[in-house]
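As you go down the protein sequences, you meet chains V and E in turn. When we follow the UniProt record's numbering, the leftmost residue of the first sequence carries the number 1, and every step to the right adds one. When we follow the UniProt record's numbering, the leftmost residue of the second sequence carries the number 1, and every step to the right adds one. For reference, the structure is listed below as structure tokens.
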Amino acid sequence: MPDQKPETVRLTIDGTTVAVPKGTLVIEAARRVGVMIPHFCYHPKLKPDANCRMCLVEVEKMPKLQTACSTPVAEGMAVRTATTTVDDAHKSVLEFILANHPLDCPVCDQGGKCDLQDFSHQYTPTTSRFTETKRIFQKEYFSPLIETQMNRCVQCLRCVRYCDEIMDVKALAPVGRGTMTEIKHFGPHELDCEFCGGCIQICPVGAITSRLSMYEYRPWMLKRADTICTFCGDGCRITVQTKGNELIEVNSAHGAGRNNGDLCARGFFGFHASSDADRLTHPLIRREGKLVEATWEDALEYVAEQALRLKLAHSADAFGGLITSRCTNEDLYVFQKFMRQVIGTNRIDSSARYGHLNGVQALRRVQGTHRWTIAFEDIVAANALLLVGTNITETSPITGLKVKEAVKKRQASLVTMEALQPAIDTLSNITNLALQHFPTHPAQFGNTVLGLTKAVIEGNLVDATLAQQAPAFVQRLTSALQGISWENLEAVTGQTRTQWTETAKILAGANRLVILVGNGVLRHPGGDATVTNLLDLLILLGKLDKPGCGLGPLAEENNDQGAVEMGAVAEFFPGPAPLDDQPVRDRIATVWREELPRTPGASLTEMLAAANKGSLKALFVVGENPVGTLPAEAQAAEALGKLDLLVCQELFLTETAAMAHVVLPACSYMEKDGTFTNSEGHVQGVRQAINPVGDSRPDWEMFSALSVLMGSPLEYGDAREILKEIRTVIPGYGLLGPTPTPPKVDQAVLSGYLTQGFAGDAATRYAVSQPRQTGDGSFTLMFVQTLFHSGKLSTHSKGLLQLQQEGFLSINPEDAARLDLADGGQVKVSNSRGAITTTVKIRERVPAGLLWFPEHFDGEAKQLAEWTIDPRTQIPYFKLAHVSLAKVS
Amino acid sequence: MPKYEPILLKNMLQPGYTGSLAEYERAGGYQAIRKVLGKVSPADVTAVVMKSGLRGRGGAGFPTGVKWGFLPKDYQGPRYLCCNADESEPGTFKDRQLIERDPHQLLEGMLLACYAIGAASSYIYIRGEFVLGAKILEQAINEARAAGYVGKNIFGSNTTIDIWVHRGAGAYICGEETALLESLEGKRGLPRVKPPFPATHGLYNKPTVVNNVETLANLPHILNRGAEWFASIGSPPKSTGTRVFCVSGHVARPGNYEVPMGITFRELIYEQAGGMRSDKKLKAFIPGGASAPFLTPDHLDVKLDFESVALAGSMLGSGGVTVMEEGTDMVWAALRLMEFFYHESCGKCSPCREGSSWLVQIMRRIVNKRGQLADLETLTDLCKNIAGRTVCAFGDAEVSPILSTLKHWRHEYVAMIHAAEAANLIRPEPVGAKQ
Ligand SMILES: Cc1cc2nc3c(=O)[nH]c(=O)nc-3n(C[C@H](O)[C@H](O)[C@H](O)COP(=O)(O)O)c2cc1C
Ligand code: SF4
Ligand code: SF4
Ligand code: SF4
Ligand code: FES
């Protein structure tokens with residue numbers, strides 16, 4: 001956080017003296033002394049627009065009343081908010097605002113939480129002088145999820161300003177003039193935007209509302225639970241509102257959580273995933289080849305018996321466990337404890353394997369932390385930001401808002417390396433805000449970063465003290481990069497030396513430099529090397545351990561970070577601590593009162609291979625769906641088919657669950673307590689909002705029950721007790737305050753890295769990686785995450801399905817023109833692995849030569865994906881394919 | 001021979017004057033800028049303008065040199081000049097003539113202003129309906145550019161000054177300077193909240209001066225003939241120079257008349273504009289465009305300068321003098337203007353947006369013989385609640401027709417309402433604000 005102390009100004013509000021920082025608005029200063037000045041258009045997030053005129057106050061020595069929302073405080077200012085003049089002004093402005101208002105409160109969803117209602121109650125007589133004809137807008141269909149009732153609009157433009165200033169989407173605009181000013185979207189079609197719900201949240205009246213909850217409730221009927229969104233690593237605070245046991249609405253109060261009350265479409269409109277009719281409600285046991293309903297007793301006893309039998313017949317390492325990082329820390333912890341203590345194996349893995357581990361491993365190696373050394377506040381306060389392979393708006397929308405704020409409000413310099421190009425369309429596009437943008441092919445992130453590092457070294461921008469302190473490091477990198485010619489780099493990446501040089505200067509000149517790395521890097525081959533090289537870049541610039549500087553890998557799933565920290569991966573105990581960390585092993589053993597297994601762990605792909613070979617006999621799968629997620633080449637179905645025991649704890653009957661011997665219905669995030677740890681390492685409370693659907697149970701409870709039946713009880717009364725145990729195993733773990741305290745760079749680890757650690761793979765990390773030759777088509781198909789979905793979970797949400805319900809191929813307009821493909825037309829996508837036919841969507845933001853397909857709907861399309869396993873990290877990569885296209889007429 | 005020496009209209013009053021570059025130069029044009037460029041410092045140019053006492057001709061009458069002086073001195077980035085040619089005030093049509101008949105006079109004025117404030121780019125924001133004016137300006141700029149008077153290194157100096165024409169799209173509010181800037185930036189033309197003022201945060205958030213066409217057209221003459229000369233004209237010290245008054249309505253010879261400030265309305269109407277068009281007497285006049293409160297025959301001897309008109313309870317505004325004869329229905333006249341303001345309220349702020357529609361509906365009712373006495377109180381009240389509480393000065397303007405007619409001709413309102421009551425037309429159906 002910026003450490004400058006702002007100047008203070010003293011003024012009086014209704015006679016009370018208050019000291020506030022210079023630049024504070026009168027309305028905010030008044031709030032500090034408990035004086036609420038009525039307002040509509042003012043919102044602390046937005047630039048003052050002073051259009052509603054509701055907040056007029058008297059300011060001594062000023063002839064006219066002033067708008068408190070736009071007037072900054074001044075030394076010695078005397079403000080009066082309670083005089084008759086002011087009161088009359090409030091009354092008259094409100095009278096104007098109400099003149100054309102329909103007063104249809106009885107059928108308005110805002111009724112009971114409406115600023116207009118509240119102020120009217122306070123200021124206006126019960127009868128109105130307005131006896132003329134009210135203005136009426138023609139009702140128009142707006143969109144499937146957002147509803148407008150423009151007759152209620154008070155034209156405060158909060159929605160329009162939010163959509164522009166905060167979201168950078170600019171989907172809304174006032175249309176028409178005077179009283180006929182109506183909030184509309186652009187184009188002769190329904191609203192097409194990011195559907196973040198921000199306009200609904202910020203509208204002070206009932207003019208913009210959610211269709212998901214339309215006419216369903218009155219605010220006072222609702223019960224509220226503050227919890228955390230499950231759809232991405234940003235970890236937004238949401239308030240879930242329920243009526244009876246029914247999910248009605250999700251919103252987020254201004255200022256709440258790390259998201260400051262902002263949400264994305266998934267958080268705002270995605271909550272129905274939990275109440276989908278397809279939810280599993282009863283345990284299922286396979287009897288005579290078919291899954292049939294069973295009682296919990298039968299199902300658990302069956303699993304316990306089989307597990308004990310298999311453990312006797314084989315070894316503990318004939319077992320494996322796989323868990324989704326959507327689970328709470330408590331679930332993840334009990335899962336790994338069950339596998340390690342009750343079963344006795346380290347053969348466990350989680351979805352953090354797919355990419356997040358790449359980031360964590362690099363951080364551990366270079367700076368000795370497993371978390372970011374920065375927080376969201378540092379993104380906002382950064383002078384320069386470098387985004388590498390993030391497509392941040394679609395993957396981590398709220399972290400994206402922090403970047404937008406830094407650029408738009410605080411003039412930070414933004415550099416983007418993205419497989420994306422600037423274009424104006426219905427979603428915001430972070431590259432539109434970039435000072436320097438490197439359109440990067442998904443296989444070229446590593447090389448593009450090399451160019452930047454080379455430019456830093458050759459531009460003499462290396463930190464002077466570093467060259468003295470770590471000469472070997474600097475020399476090694478210098479010589480490696482000098483060995484790479486600019487021509488070569490320019491040829492493989494398509495970037496220019498000038499741009500690298502310019503960018504290097506921008507980064508070097510920034511006092512506060514933040515690098516964010518996304519799935520484009522983390523989930524692709526070479527991911528850990530690229531992250532390591534970016535950390536090298538920070539070191540070279542002398543910024544790795546400077547305040548406000550650092551690198552943050554963006555987690556895809558809401559608790560990827562927690563999964564690693566809970567030790568729900570093959571290579572880590574809780575901490576995370578490597579399996580050979582003896583002190584940690586001892587500490588955990590004391591808490592568990594049992595030795596921890598000594599045999600090596602096995603990752604997802606190793607477990608699949610072992611199952612295929614027949615050495616893995618039993619697998620516990622929690623919320624993961626390898627059969628549905630991995631391409632055919634991974635042979636997940638074959639492997640799982642060979643198991644003697646496959647137990648799935650699931651919300652839905654997935655492809656994997658359909659193969660199981662026993663399926664146990666699990667609670668979703670809406671139905672349980674616990675904690676999630678977000679991308680930036682902030683541990684946040686998850687609170688139950690509804691009763692468990694059907695007979696479902698939290699995942700930890702199932703392991704706890706099994707452990708009892710298997711004779712080594714892991715018993716906990718509730719999630720809080722588990723967290724307590726986690727705290728003894730990982731000292732200090734648990735709920736943090738409103739902001740995280742990021743760890744500091746571990747200087748011992750850093751100096752170890754600089755003297756020796758870097759050297760081992762420096763040769764490979766600092767060599768130009770040549771593009772793979774596949775013999776397949778010339779287009780690179782990327783399986784991408786989209787804004788409207790998260791994994792496959794969100795495809796159970798009726799709201800989100802209205803925004804996007806099937807796969808389609810996004811293609812650049814020039815490529816489409818060349819192949820004579822029309823928007824909405826059909827195209828055949830093929831390579832040596834197979835072929836699919838899908839719909840074309842022409843989008844300028846897709847760089848030429850690239851194609852995007854949403855991974856959430858990759859069903860058939862998955863077969864096209866290339867399958868590679870990094871031999872060192874065991875990370876499987878399957879998000880790219882090389883394909884040819886042919887028009888289908 | 002006109003009674004007063006025309007300054008701004010001088011060239012165009014010459015028979016056959018086409019306003020081409022060659023003719024403008026033959027008439028002594030582009031001498032002021034030549035005299036000044038590189039020879040007189042920008043600060044000295046500003047000082048001359050300040051000394052001349054020139055005040056803005058767009059409506060508010062702000063001293064031009066003082067406005068220029070508000071630009072931050074040490075600011076390194078770009079600065080802009082915007083010429084306000086949006087002239088949409090009902091009864092005002094002087095800028096149009098200045099543009100169409102002598103475009104280079106304006107261009108030279110802009111060059112001088114740009115030079116003084118250090119702007120390399122300037123824009124003429126011209127009312128969309130002025131198709132001819134825009135075309136003429138484009139041609140004139142092309143001529144000047146070809147001659148090396150506009151663009152890079154003008155007149156062989158190392159000064160760069162460019163001028164661009166931007167056409168409005170039909171909104172009166174875009175004449176308000178900050179709405180003009182928004183519109184110029186490609187946004188919806190809504191007034192900005194002030195402060196900050198354009199002098200520090202103007203076009204693209206850069207220091208900017210907005211000046212009216214007539215204001216700028218005065219500059220070449222001031223620089224040619226000196227501040228003292230200019231300051232001696234009119235009614236010094238506060239209202240110097242001439243003004244082009246646009247006389248319209250029930251006069252014998254409507255048109256633009258350039259006279260020194262300080263002559264009386266009587267002289268302007270009866271001597272310059274030929275008096276009333278028929279033997280009907282003068283009943284009312286608007287002294288400075290539709291935004292200025294109505295005056296009565298009692299005010300005919302008020303002097304046409306900023307202070308005197310203000311003292312009489314109105315304003316000199318844009319210089320549009322609209323004359324109404326006996327028999328004019330003042331309630332109807334106020335409604336007519338109210339319809340204009342209702343139509344043009346941009347809708348940004350509640351009192352003006354809602355108030356204009358409320359006012360116009362009451363006025364329509366009264367004129368349609370469905371008024372009640374209580375309406376008069378409501379009208380007064382609403383007007384009071386609008387004025388001074390809006391984002392821009394439009395709010396003050398829109399209430400002036402009603403307030404001033406109520407002040408001087410309340411009996412006409414009352415008579416109309418009584419007639420309605422007598423006819424027993426008790427508000428069967430209000431007149432709607434359908435659009
Ligand atoms: C509603 C409204 C409309 C205006 N329209 C015009 C206009 O059409 N032309 C103009 O020059 N000034 C107009 N003005 C005044 C401008 O805001 C501004 O004061 C003027 O252009 C400044 O130039 P000046 O100092 O040279 O007079 C208008 C002001 C308001 C409040
Ligand atoms: S829709 Fe709501 S937020 Fe938008 S302008 Fe109208 S009242 Fe304000
Ligand atoms: S998906 Fe991510 S960004 Fe969207 S609301 Fe949930 S946590 Fe926030
Ligand atoms: S006073 Fe009228 S014209 Fe001016 S900003 Fe407000 S609504 Fe717009
Ligand atoms: S809250 Fe201040 S004008 Fe709207």
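Cβ coordinates follow ideal geometry from the N, Cα and C atoms, glycine included.
Sub-8 Å separation of residue i and residue j beta-carbons
{"i": "proline 237 (chain E)", "j": "glycine 53 (chain E)", "result": "yes"}
{"i": "aspartate 192 (chain V)", "j": "proline 698 (chain V)", "result": "no"}
{"i": "glycine 694 (chain V)", "j": "histidine 282 (chain V)", "result": "yes"}
{"i": "alanine 263 (chain V)", "j": "serine 210 (chain V)", "result": "Note that residue 263 (chain V) is leucine in the sequence shown, not alanine. No, the Cβ-Cβ distance between leucine 263 (chain V) and serine 210 (chain V) is not below 8 Å."}
{"i": "glycine 355 (chain V)", "j": "phenylalanine 445 (chain V)", "result": "no"}
Short CB-CB distance (under 8 Å) between residue i and chain V
{"i": "isoleucine 402 (chain E)", "result": "no"}
{"i": "residue 443 (chain E)", "result": "With chain E covering only 1 through 435, there is no way to say anything about residue 443 (chain E)."}
{"i": "serine 88 (chain E)", "result": "no"}
{"i": "asparagine 385 (chain E)", "result": "yes"}
{"i": "leucine 351 (chain E)", "result": "Position check: residue 351 (chain E) holds proline in this sequence, whereas leucine was assumed. It does; some Cβ of chain V falls within 8 Å."}
{"i": "tryptophan 358 (chain E)", "result": "yes"}
Closer than 8 Å to chain E by CB, residue i
{"i": "cysteine 52 (chain V)", "result": "yes"}
{"i": "serine 413 (chain V)", "result": "no"}
{"i": "serine 70 (chain V)", "result": "yes"}
{"i": "glutamate 132 (chain V)", "result": "yes"}
{"i": "glutamine 155 (chain V)", "result": "yes"}
{"i": "aspartate 278 (chain V)", "result": "no"}
{"i": "aspartate 49 (chain V)", "result": "yes"}
{"i": "lysine 828 (chain V)", "result": "no"}
{"i": "glycine 76 (chain V)", "result": "no"}
{"i": "isoleucine 398 (chain V)", "result": "no"}
{"i": "leucine 800 (chain V)", "result": "no"}
{"i": "lysine 64 (chain V)", "result": "yes"}
Bridge partners - residue i, DSSP secondary structure assignment
{"i": "histidine 166 (chain E)", "result": "E:Tyr125"}
{"i": "isoleucine 238 (chain V)", "result": "V:Thr227"}
{"i": "aspartate 349 (chain V)", "result": "V:Leu322"}
Collapsed DSSP secondary structure at residue i in the structure displayed
{"i": "proline 287 (chain E)", "result": "coil"}
{"i": "alanine 256 (chain V)", "result": "coil"}
{"i": "glutamine 468 (chain V)", "result": "helix"}
{"i": "serine 183 (chain E)", "result": "helix"}
{"i": "glycine 520 (chain V)", "result": "helix"}
{"i": "residue 928 (chain V)", "result": "Absent from the model: residue 928 (chain V). The displayed extent of chain V is 1 to 889, so no value can be given."}
{"i": "lysine 887 (chain V)", "result": "strand"}
{"i": "arginine 80 (chain V)", "result": "strand"}
{"i": "phenylalanine 783 (chain V)", "result": "strand"}
{"i": "phenylalanine 438 (chain V)", "result": "strand"}
{"i": "phenylalanine 119 (chain V)", "result": "helix"}
Which of the residues in the region 86 to 102 of chain V, read from start to end, lie with their CB under 7 Å from any CB of chain C?
-> The question asks about chain C, but that chain is absent: this structure's protein chains are V and E.
Residues near ligand 3, CB to any non-hydrogen atom under 5 Å, in chain order? V:Cys229, V:Phe231, V:Cys232, V:Asp234, V:Cys236, V:Leu263, V:Cys264, V:Arg266, V:Gly267, V:Pro397 and V:Ile398
For ligand 4, which residues have a Cβ under 7 Å from at least one heavy atom, in chain order? E:Ile173, E:Glu176, E:Leu190, E:Pro191, E:Ser345, E:Cys346, E:Gly347, E:Lys348, E:Cys349, E:Cys352, E:Arg353, E:Thr390, E:Val391, E:Cys392, E:Phe394 and E:Gly395
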